[in-house]
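In this text, residue positions in the sequence shown follow the working numbering: the first is 6, and each later residue adds one.
From the three backbone atoms N, C-alpha and C, an ideal C-beta is built for every residue, glycine too.
Model, not experiment: these values are computed from the prediction.
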Amino acid sequence: IATGLMLLTGRRSTEIFKSANFDYVDESHVIFTGQLKNTRCGVAVHNARDSFVIPVLVNANRIVTALNKVRSMKPLSDKSENEVNSLTGSAINKAVKRNLNGHIKRAINQSIDSLVDFNHLEAKALRSIYVHIAQRKHAPLSVLNTFATDVLGHATKQTAENYMQYMLNPLEK
Numbered sequence: 006i007a008t009g010l011m012l013l014t015g016r017r018s019t020e021i022f023k024s025a026n027f028d029y030v031d032e033s034h035v036i037f038t039g040q041l042k043n044t045r046c047g048v049a050v051h052n053a054r055d056s057f058v059i060p061v062l063v064n065a066n067r068i069v070t071a072l073n074k075v076r077s078m079k080p081l082s083d084k085s086e087n088e089v090n091s092l093t094g095s096a097i098n099k100a101v102k103r104n105l106n107g108h109i110k111r112a113i114n115q116s117i118d119s120l121v122d123f124n125h126l127e128a129k130a131l132r133s134i135y136v137h138i139a140q141r142k143h144a145p146l147s148v149l150n151t152f153a154t155d156v157l158g159h160a161t162k163q164t165a166e167n168y169m170q171y172m173l174n175p176l177e178k
């Protein structure tokens with residue numbers, strides 16, 4: 006469930022297990038609060054947002070319900086970020102490899118296919134994949150970096166560019 010939420014919302018695993026909260030806006034959007042990594046070199050980012058609307062890749066009610074289920078199954082909100090990563094990181098990466106590698110490999114642009122070892126695809130790649138899918142549903146390609154900055158909650162476009170490592174194959178007509 007957690008890996009699905011990561012892919013469908015673009016949130017980090019620690020956010021899913023510890024800090025995220027999703028409030029229903031409409032069928033395709035939630036208000037997200039609980040972003041982690043709002044600091045750079047130990048200094049708070051001045052324009053980091055406490056909450057913002059993000060697109061989701063399935064019905065928003067299902068996202069809210071799934072997050073509540075994850076939290077009830079594995080309550081970790083009282084743990085530090087490092088503790089949450091230690092307790093969940095290995096299992097999350099195994100789940101990505103077991104459940105998503107084949108599906109993701111078929112969707113990724115063939116020009117980079119040879120550069121990526123899909124047997125070692127990690128959970129952090131889900132944010133990049135989410136950005137590309139959500140952008141296709143909600144914004145023109147010409148604004149991809151701005152869109153990524155907005156939905157990932159980054160302070161700068163340069164930070165969002167770290168999530169542009171994958172491209173999706175063109176949609177079939």
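For D28, same chain residues with a beta-carbon under 7 Å away, outside a window of 5 residues either side, are V35 and I36 in chain order.
The DSSP-derived three-state label of I6 is coil.
Put simply, the segment 92-105 touches the segment 127-137. At least three CB pairs are less than 8 Å apart. DSSP places D155 within a helical segment (H, G or I) once states are collapsed to three. For A144 and F152, the gap between their C-alpha atoms comes out near 7 Å.
Taken through DSSP and simplified to helix, strand or coil, V58 comes out as strand. In this structure E127 does not touch N90 by the C-beta definition: roughly 12 Å separates them, more than the 8 Å allowed.
When G15, A7, T8 and G9 are compared, the shortest CA-CA separation from Y135 is found for G15.
For N73, the enclosing alpha helix (DSSP H) has its first and last residue at A65 to M78.
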